[in-house]
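Below is one structure, written out as structure tokens; the observations come after it.
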Amino acid sequence: MICTNKFKKISLIVIISSIIVLSLSGCTNDEDLMYDVYDNSKGYNLIEGESNSDNNLFAKDLCVTNGVDKGTENVESRVAGGALLANRMTRELKYSQNIFQKMYPASTTKILTALVCVKYANLNDTVTVSQNACNQTSDSSVCGLKPGDKITYRDLLYGLLLRSGNDAAIAIAEGMYGSQEEFAKAMNNEARIAGATHSHFVNSNGLHNDDHYTTVYDMYLIFEAALDYKLIYDIVTTSNYDAAYTDAAGNPVQQNWSNTNLYLTNQVRQPIGITVLGGKTGTTNPAGYCLVLLSRNSKNEELISIVYNADCRQNLYYLMNQILDTYGS
């Protein structure tokens, strides 16, 4: 695996295998969390074939890979569907596991939602929260918005990335483009700009849809693009945020939103020599347990690490720690 400072077109050979996700560390298996592979690998430029002019994936200052798994023999890779560790300083991909395989991103989708918002919205503009944004199921992750609440895009971004609010995600989409469907068009365009051409998004919150998918490598590209914006960097590295806005009657509302990342709430130990800065979690039954992470090693080098489709939350952090311990220095 090498890095390049020139655009390249690369034909990739991916051997797609069936993976049996085994339970470690006392995980419970609520249901089979396996994912589907691409229906047409050639169509996604994953096997040798005609090059796609839209697939200029590898740009300046991005890690480039031939798609072959690397380092999986030294960690308990079988507890997750895919993973990656990239050094942002050296531009080396230190660990890779099924990084071009189709997977469901769950709430890590909200990284792209935030990117579209920061890039195209006036962050000080106020959004009026709709009833639709608040129509969430009882088990949905929300930041407690009510119909008629008036809140800025800036505060919505904190609710989106810290609390992982599905209500905030819909409020952003409706405020900017009028609907989830129109916002998703902007998401897909922004993903293509980032080079994430093996992905397709249909909503701003990551709730499951068979046509809403990405790859580990695509999410790496999206996260890299998002981190170029200081506000996103600041939010994903924040543990808590005090939001202030008004309700439908104009009364002040205050809420405290905590990060769903267990590293930032000190519920999971950080690997020795690694400082976890922040990131984004995601969980659905089809997606499994997902985490996109930004860290710094003892050499002051920033790292992006991703684990997708872990079989339980405990193993999500277990494998992430193993990858950081083994390949993060």
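Residue numbers for the sequence shown follow my numbering, so the first one is 4 and each next one is one higher. Glycine is no exception: its CB is placed at the ideal position from the N, C-alpha and C atoms.
In the three-state scheme derived from DSSP, where H, G and I count as helix and E and B as strand, residue 114 is classed as helix. The three-state reading of DSSP puts residue 261 in strand, counting E and B together. In the DSSP assignment, residue 98 is bridged to 88. Membership of residue 195 in the alpha helix (DSSP H) is indicated by the continuous run 183-197. The Cβ-Cβ distance between residue 167 and residue 144 falls below 7 angstroms.
Separation of the CB atoms of residue 128 and residue 156 is rounded to 6 angstroms, and the pair is thereby assigned contact status at 8 angstroms. Around the beta-carbon of residue 233, fewer than 16 other beta-carbon atoms lie within 10 Å, marking it exposed. Excluding residues up to 5 positions away in sequence, 107, 109, 287, 288, 289 and 290 lie with their Cβ nearer than 8 angstroms to the Cβ of residue 211 in the same chain.
The residue from 307, 302 and 316 with its alpha-carbon nearest to that of residue 285 is 316. Note on residue 93: under 16 other CB atoms within 10 angstroms of its CB, so exposed under the neighbour-count rule. Assignment of beta-bridge partners to residue 297 by DSSP yields 281 and 307. Residue ranges of uninterrupted beta strand (DSSP E) with 3 or more members, entirely inside the region 212-270 and ordered along the chain, are 243-249 and 255-261.
In this chain, the alpha helix (DSSP H) harbouring residue 329 covers 316-330. Counted as a single uninterrupted DSSP element, the beta strand (DSSP E) harbouring residue 154 occupies residues 153-155. Counting C-beta atoms within 10 angstroms of its own C-beta, residue 158 has 16 or more neighbours from the protein chains shown and is therefore classed as buried.
Of the other Cβ atoms in all chains shown, fewer than 16 fall within 10 Å of the Cβ of residue 126; this residue is therefore exposed. Only residues of its own chain outside the window of five on either side were considered, and among them 165, 166, 242, 243 and 268 have a CB closer than 8 angstroms to the CB of residue 261, listed in chain order. In the same chain as residue 150, and ignoring 5 residues on each side of it, the C-beta atoms closer than 7 angstroms to its own belong to 132, 133, 134, 137 and 251, in chain order. Distance from the CA of residue 283 to the CA of residue 253, rounded to the nearest whole angstrom, comes to 32 angstroms. In the structure shown, residue 169 falls within a helical segment according to DSSP collapsed to helix, strand and coil. At a Cβ-Cβ threshold of 7 angstroms, residue 329 and residue 78 count as neighbours.
Remark: C-beta atoms of residue 199 and residue 114 do not approach each other more closely than 7 angstroms. Under a 10 Å Cβ-count criterion, residue 90 is classified as buried, with 16 or more other Cβ atoms of the shown protein chains found around its own Cβ.
Per DSSP, residue 75 lies in no beta strand (DSSP E) and is assigned neither H nor E. Counting along the chain, residue 135 sits inside the alpha helix (DSSP H) bounded by residues 134-137. Rounded to whole angstroms, the gap between the alpha carbons of residue 303 and residue 274 is 15 angstroms.
Straight across, the Cα-Cα distance linking residue 193 with residue 116 is about 10 angstroms. For the pair residue 202 and residue 217, the CB atoms are nearer than the 7 angstroms cut-off.
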